[in-house]
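Student:
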Amino acid sequence: MSEKRERRYASWLGIIVRFVVASFMMLLMQIIYPNFVFSNWMVGIALIAAISVVTYIIERITTLYRTPIGRGIIAFLVTFAILYFANMSVPGIKVPFVANLITSFVVGMFDIFLPDRVF
Numbered sequence: 000m001s002e003k004r005e006r007r008y009a010s011w012l013g014i015i016v017r018f019v020v021a022s023f024m025m026l027l028m029q030i031i032y033p034n035f036v037f038s039n040w041m042v043g044i045a046l047i048a049a050i051s052v053v054t055y056i057i058e059r060i061t062t063l064y065r066t067p068i069g070r071g072i073i074a075f076l077v078t079f080a081i082l083y084f085a086n087m088s089v090p091g092i093k094v095p096f097v098a099n100l101i102t103s104f105v106v107g108m109f110d111i112f113l114p115d116r117v118f
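Using numbering that gives the first Met the number 0, the first residue of the sequence shown is number 0, and each one after it goes up by one.
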């Protein structure tokens, strides 16, 4: 497989893995934390897709994606920012600050421990 084709495959796989991890964490936080609420499932999917795509774009613009710590920091900051601003601006979303921190931290930690080949 050529390097260009392999890199494109890895980037799509990275977006999909981030989507799955973020959706699992949001579901888990809704079960654990009673005030973590989305009005419907489409809002949750839109937020998770935004987190995955924005993280991918920021990683490609910067060079932080080359290190595991850099990927984790980017994932933490993007997840936290999107959930924080969605909580303030999108009706039907209620994400407490502590739940936002926990979700963002776990998503960032997961990105640190994923192998480089995925991204």
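Idealized CB from N, CA, C, for every residue including glycine.
#1: Which same chain residues end up closer than 7 Å to Ile47 when comparing Cβ atoms and leaving out the 5 residues on each side of it in sequence?
#2: Pull the bridge partners of Ile92 from the DSSP assignment, please.
#3: When we look at the beta-carbon of Val94 and count the other beta-carbons within 10 Å, is it buried (16 or more) or exposed?
#4: What separation, rounded to the nearest whole angstrom, lies between the Cα atoms of Ile30 and Ala98?
#5: Mapping DSSP to helix, strand and coil, what is Tyr32?
#6: Check whether the Cβ atoms of Ile72 and Ile57 lie closer than 7 Å to each other.
#7: Nearest to Leu82 by alpha carbon, out of Val42, Val16, Leu12?
#8: Comparing C-alpha positions only, which one of Phe109, Phe96, Ile111 sits nearest to Asn34?
#9: May I have the straight-line CA-CA distance separating Phe37 from Asn86, to the nearest angstrom?
#10: Determine the DSSP secondary structure at Leu113, reduced to helix, strand or coil.
Tutor: According to the structure shown:
#1: Phe18, Ala21, Ser22, Met25
#2: Phe37
#3: buried
#4: 11 Å
#5: coil
#6: no
#7: Val42
#8: Phe96
#9: 10 Å
#10: coil
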